[in-house]
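This report refers to the structure that appears directly beneath it.
Protein chains in written order, with this note's numbering: chain A, 1 to 200; chain B, 201 to 303.
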């Protein structure tokens, strides 16, 4: 990277450069490997992966059964594996239960299917409050869950990563898998939104 | 270990701020910290539990006032020095050198 800057570097920028340059000089880290990892998680891994899993589950009851029984294996069938996806549990929204995921202790998140987590998911505000007042937090996302529907909050352990299987929206009968996947959002797979029909 | 990182159920940790169309990274230094995670982990110097523990050992004020990738950076620096891979003095010297060069 260039050292020609229009402004002095911040302390944190300096610390990162110092750490990386020392590790590279000592031959402990390959800068090209760092670049490749950044590219993968910035451009190749993300919630479009999870959306494919959801759409497949909506289309194929046998796949859905496998997904709910062994999330890690069923997700791997679509080729999505790797760090932070080693122990996947998929939780299904039903007529009487809405699910939402959190990691209260850190910010564990299913990278292979959802990519890297947004800042709000990592924030102390979300982590502290979604277990205390889930309906209130969901309401701040514009999602009102009726009182008769149970809200189930899933808190990651050091190993398990959760992902929500949202409800298939009405009016999508006969749609192709790719059309269905295009409707599925990151927030719906976290559980802070529903998947909606485009005409809704 | 109980501590500030164990946020579940705490009160008063501020409003929920949601950024629309958020980028994966907000700063170049966040990219570098993220990209360093796996190569550093692959060195076998520490395991994931030690990494988390290094973050959990941050003081409450430091933990709450710094971002996710600053927590990671803190853990890298802490553990690599504790395990003897880097010396605190060489990290400090390199920081001073970079600050001088980019001033």
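Just so you know, even glycine gets a beta-carbon here, dropped at the ideal spot from N, CA and C. No experiment lies behind these values; they were computed from the predicted model shown.
Item: Quick one: what does DSSP say residue 220 of chain B is sitting in, helix, strand or coil?; Value: coil
Item: From residue 242 of chain B to residue 284 of chain B, what does the alpha carbon distance come to, in whole angstroms?; Value: 16 Å
Item: Count the other CB atoms within 10 Å of the CB of residue 202 of chain A; is the residue buried (16 or more) or exposed (fewer)?; Value: In the structure as shown, chain A starts at 1 and stops at 200, and residue 202 of chain A therefore has no counterpart that could be examined.
Item: Nearest to residue 141 of chain A by CA position, among A:190, A:116, A:156, is which residue?; Value: A:190
Item: Taking the runs of the beta strand (DSSP E) that are 3 residues or longer, which of them lie wholly in the segment 19–62 of chain A?; Value: none
Item: Please list, in chain order, all residues of the same chain as residue 168 of chain A whose beta carbon is under 6 Å from its beta carbon, the five residues on each side excluded.; Value: 58
Item: For residue 183 of chain A and residue 302 of chain B, I'd like the C-alpha separation in whole angstroms.; Value: 46 Å
Item: Would you please state the rounded distance, in angstroms, between the beta carbons of residue 298 of chain B and residue 14 of chain A? I believe it to be under 8 Å.; Value: 5 Å
Item: Got a sec, what are the start and stop residues for the alpha helix (DSSP H) residue 150 of chain A sits in?; Value: That residue, residue 150 of chain A, is in no alpha helix (DSSP H); its beta strand (DSSP E) goes 150–155.
Item: Between which two residues does the beta strand (DSSP E) holding residue 161 of chain A run?; Value: 161–165
Item: With distances taken from CA atoms, which of A:83, A:127, A:82, A:110 is nearest residue 103 of chain A?; Value: A:127
Item: Specify, as a first and last residue, the run of the beta strand (DSSP E) that residue 92 of chain A falls within.; Value: 88–92
Item: When the distance is taken between beta carbons, is residue 81 of chain A closer than 8 Å to residue 110 of chain A?; Value: no
Item: Per DSSP, what kind of secondary structure is residue 9 of chain A in: helix, strand or coil?; Value: coil
Item: Taking a contact to mean a Cβ-Cβ separation below 8 Å, would you say residue 12 of chain A touches residue 273 of chain B in this structure?; Value: yes
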